[in-house]
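In terms of the UniProt record's numbering, the sequence shown opens at residue 1 and continues consecutively. Below you'll find the structure, written out as structure tokens, and then a few comments.
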Amino acid sequence: EVAGNRYSPSQIGAFVLQKLADSAKAYLGGQSDSAVVTVPAYFNDSQRQATKDAGQIAGLNVLRVINEPTAAALAYGLDKHDDKVVAVFDLGGGTFDISILDIQKSVFEVKSTNGDTALGGEDFDNVVLEHLMLDFKKNNGIDISKDPMALQRLREAAEKAKVELSSTVQTQINLPYITMDASGPKHMNVTLSRGKLEQMTKELIDRTRNPCVKAMKDAGVTREQIKEIILVGGMTRMPKVQEVVKDIFGRQPIQSVNPDEAVALGAAIQGGVLAGSVKDILLLDVTPLSLGIETLGGVFTRLIQRNTTIPTQKSQSFSTAADGQTQVEIVIC
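Laid out in structure tokens, this is it:
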């Protein structure tokens, strides 16, 4: 709800896409209503459809929805000519994805994908925010979460501190007049170290391990067979995240790909492929989750296994629930 108006997630997404489309048109000096949109690899079918709906609301013709790690691999591999298996480790603001790809010449084949749609940079921000609120309450006896304005300032400071600790070992959080009580205004002046941040977020970082192991197992590869690890998403700038990635895969991740720009660049390359201006690139993606339909009794009947190369098709015969039935509702899930 904003200013008394209620908006759906698709409508909010449409506002973002419209702004991006306007910026692209202004920069390119031309009119284009077609777009390639990227989504987290572990988005389910309804989340992908909501993204397409957002594009339509924004007045865009969404030509293709591709997975973010796949797009990043396109950006990485466009100028590479050797065959290799790569892993794309994507830890962004709200989601985590891991994809294993086999790149051979100009063919990008996704072997498997896994992830966690409830793990991202915001979770790290919230850990820092909670730490600062508890520290302030301990020292001043004031629960700052009851003050919306102060809470917003503190949230912004928490994110800023997290970002700074990727390039420095400690940072100062200085917020004068953060709130006040009967005795007068209160100020916050706290020093946060990288070590403390790593200690507080260890559980979050460790949650990336299991999806990586599952992705390698599903792809049928060992970590020794993976020759490059591509980092995508702002959170991969955190030194401890890079350290864990090295521990998982047994090699140092490459630093040649801009983690903030790689996905957009890959989407642009895919747009060029669809428009015919980029030649000799074949992208073979997979469905990250199993697809099926709901059958009698609310039972999920799987038709397409996860990590199946798409596009694909599968047929299976079903009977109606009752004799003489003239219509049926098919729920895809």
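Positions of the beta carbon are idealized from the N, C-alpha and C atoms, including for glycine.
In the DSSP assignment, find the beta strand (DSSP E) that holds residue 109 and state where it starts and stops. 107-116
Using the beta-carbon count (16 or more within 10 Å), is residue 406 buried or exposed? Here the chain comprises residues numbered 1 to 333, so residue 406 is not present and cannot be evaluated.
Are residue 345 and residue 331 closer than 8 Å when you measure CB to CB? The structure shown does not extend to residue 345, since the chain spans only 1 to 333, so no value can be given for it.
Work out the CA separation of residue 115 and residue 236 for me, nearest whole Å. 15 Å
Measure the Cβ-Cβ separation of residue 76 and residue 230 and say whether it is below 8 Å. yes
In terms of alpha-carbon separation, which member of 190, 291, 47, 97 lies closest to residue 134? 190
Mark residue 188 as exposed unless 16 or more other C-beta atoms lie within 10 angstroms of its C-beta, in which case mark it buried. buried
Pair every Cβ in the region 310-330 with every Cβ in the region 121-134, then say whether three or more of these pairs are closer than 8 Å. no
Are the region 96-103 and the region 201-215 in contact at 8 Å, needing three or more beta carbon pairs? yes
Extent of the continuous beta strand (DSSP E) run through residue 210: No beta strand (DSSP E) holds residue 210; the alpha helix (DSSP H) holding it covers 209-219.
Which complete beta strand (DSSP E) runs does the region 97-170 hold, if anything under 3 residues is left out? 107-116
Distance, residue 295 Cα to residue 325 Cα: 15 Å
Nearest-angstrom Cα separation, counted from residue 111 out to residue 310: 11 Å
CB-CB length for residue 334 against residue 94, believed under 8 Å: Because residue 334 is not part of the residues shown, which for the chain are 1 to 333, the question remains open.
CB-CB length for residue 84 against residue 103, believed under 8 Å: 6 Å
Is the beta carbon of residue 245 closer than 8 Å to that of residue 239? no
For residue 34, which residues of its own chain have a beta-carbon under 6 Å away from its beta-carbon, when the five flanking residues on both sides are left out? 61, 63
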